[in-house]
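Below: the structure, in structure tokens.
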Amino acid sequence: MPEGNSAEGMRAAAYLGLGSNLGDKAAMLDAAVAALAATPGIAVTARSRNYRTPPWGDTDQDWFLNGALGIETALSPHALLEACLSVEARLGRVRERRWGPRAIDIDVLHVAGATVADERLVLPHRFLRERAFVLVPLAEIAPDLVIGGETVAQALARLDRSGIEPVEGAA
1 MPEGNSAEGM RAAAYLGLGS NLGDKAAMLD AAVAALAATP GIAVTARSRN
51 YRTPPWGDTD QDWFLNGALG IETALSPHAL LEACLSVEAR LGRVRERRWG
101 PRAIDIDVLH VAGATVADER LVLPHRFLRE RAFVLVPLAE IAPDLVIGGE
151 TVAQALARLD RSGIEPVEGA A
């Protein structure tokens, strides 16, 4: 896909991962979904429940609330990344340390028909098949999505899901 918006009428299915572990986590995820839905070139098609998950990477921090979003987009993968980063910035995301606490995190996980590997973006997301906190909500909305030769459900079956619990009434 070219940079910026794709050709008129051309849309791609894509999936985003959402996370927060500061402040009112559920309200932050709701605000991110609303901001993404209001972004030109993005139409939200599916949303998982929210899941309470333990921190990953840097484990000396509060628990996370994670979810997944299915979208249709007219944006190129890089333009979609920029839209996600813009929403994060508007919602107060501060990048202080890798895998550290964050008010909001929006990851581009997969864009149909796109394979990207550069300094700004890797698609499919490089850690997608290794992170249960991403795969559990993604499997709720796209269990048959094939990434790396296996479905999301198959990848999830290999991982430890302990500590990941749905939050009732969310999403």
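Note that the UniProt record's numbering numbers the sequence shown so that position 87 is 87, with each residue one more than the last.
For each residue, glycine too, the CB sits at the ideal point set by N, CA and C.
Tell me whether residue 73 is buried or exposed, calling it buried when 16 or more other Cβ atoms sit within 10 Å of its Cβ. Within the sequence shown, the letter at position 73 stands for residue 73. So residue 73 ends up on the buried side.
Check whether the Cβ atoms of residue 107 and residue 163 sit closer than 7 Å, and answer yes or no. For this step, residue 107 is matched to residue 107 along the sequence shown. For this step, residue 163 is matched to residue 163 along the sequence shown. Taking 7 Å as the Cβ cut-off, residue 107 and residue 163 do not qualify as a contacting pair.
Could you tell me if residue 15 is buried or exposed, where buried requires 16 or more neighbouring beta carbons within 10 angstroms of its beta carbon? In the sequence shown, residue 15 corresponds to position 15, counting from 1. Buried, because 16 or more other Cβ atoms sit within 10 Å of the Cβ of residue 15.
Below-7 Å beta-carbon distance, residue 44 vs any chain D residue: Going by chain labels, chain D is absent from the structure shown, which holds only one protein chain.
To the nearest angstrom, how far is it from the Cα of residue 120 to the Cα of residue 79? The residue you call residue 120 lines up with position 120 of the sequence shown. The residue you call residue 79 lines up with position 79 of the sequence shown. Distance between the alpha carbons of residue 120 and residue 79 is about 11 Å.
Is residue 23 near residue 103, with beta carbons less than 7 Å apart? As a working note, residue 23 is residue 23 in the sequence shown. As a working note, residue 103 is residue 103 in the sequence shown. Yes.
When the Cα of residue 94 is compared with those of 21, 153, 140 and 11, which residue comes out closest? The residue labelled residue 94 in the question sits at position 94 within the sequence shown. Nearest to residue 94 by C-alpha distance, out of 21, 153, 140 and 11, is 21.
Hey, residue 129 and residue 155: beta-carbon distance below 7 Å or not? The count along the sequence shown starts at 1 and reaches residue 129 at position 129. The count along the sequence shown starts at 1 and reaches residue 155 at position 155. Pairing residue 129 with residue 155 gives a Cβ-Cβ distance under 7 Å.
Check whether the segment 59-71 and the segment 130-145 are in contact - that is, three or more C-beta pairs closer than 8 Å. Yes: at least three Cβ pairs fall under 8 Å.
Between 62, 86 and 145, which has its C-alpha nearest residue 109's C-alpha? Within the sequence shown, residue 109 is the residue found at index 109, counting from 1. Its Cα nearest to that of residue 109, the residue 145 stands out among 62, 86 and 145.
For residue 46, which beta-bridge partners are listed by DSSP? Looking up residue 46 in the sequence shown gives position 46. Note: residue 46 sits in a beta bridge opposite 70.
Check whether the Cβ of residue 111 sits closer than 6 Å to any heavy atom of the ligand SAH, and report yes or no. Only the bare structure without any ligand can be found here, which leaves the ligand SAH out of the picture.
Return the chain-ordered list of same chain residues with a C-beta closer than 7 Å to the C-beta of residue 131, the five sequence neighbours on each side being excluded. Taking the sequence shown and counting its residues from 1, one reaches residue 131 at position 131. Excluding sequence neighbours, residue 131 sits near 56.
Buried versus exposed call for residue 47 [16 or more other C-beta atoms within 10 Å across all chains shown]: As a first step, residue 47 is located in the sequence shown; it is residue number 47 there, counting from the start. Residue burial annotation: residue 47 is buried, with at least 16 other C-beta atoms found within 10 angstroms of its C-beta.
Which whole-angstrom value describes the C-beta separation of residue 19 and residue 64, a residue pair presumed to lie in contact below a C-beta threshold of 8 Å? By one-based count along the sequence shown, residue 19 stands at place 19. By one-based count along the sequence shown, residue 64 stands at place 64. Correct: roughly 5 Å between the Cβ atoms.
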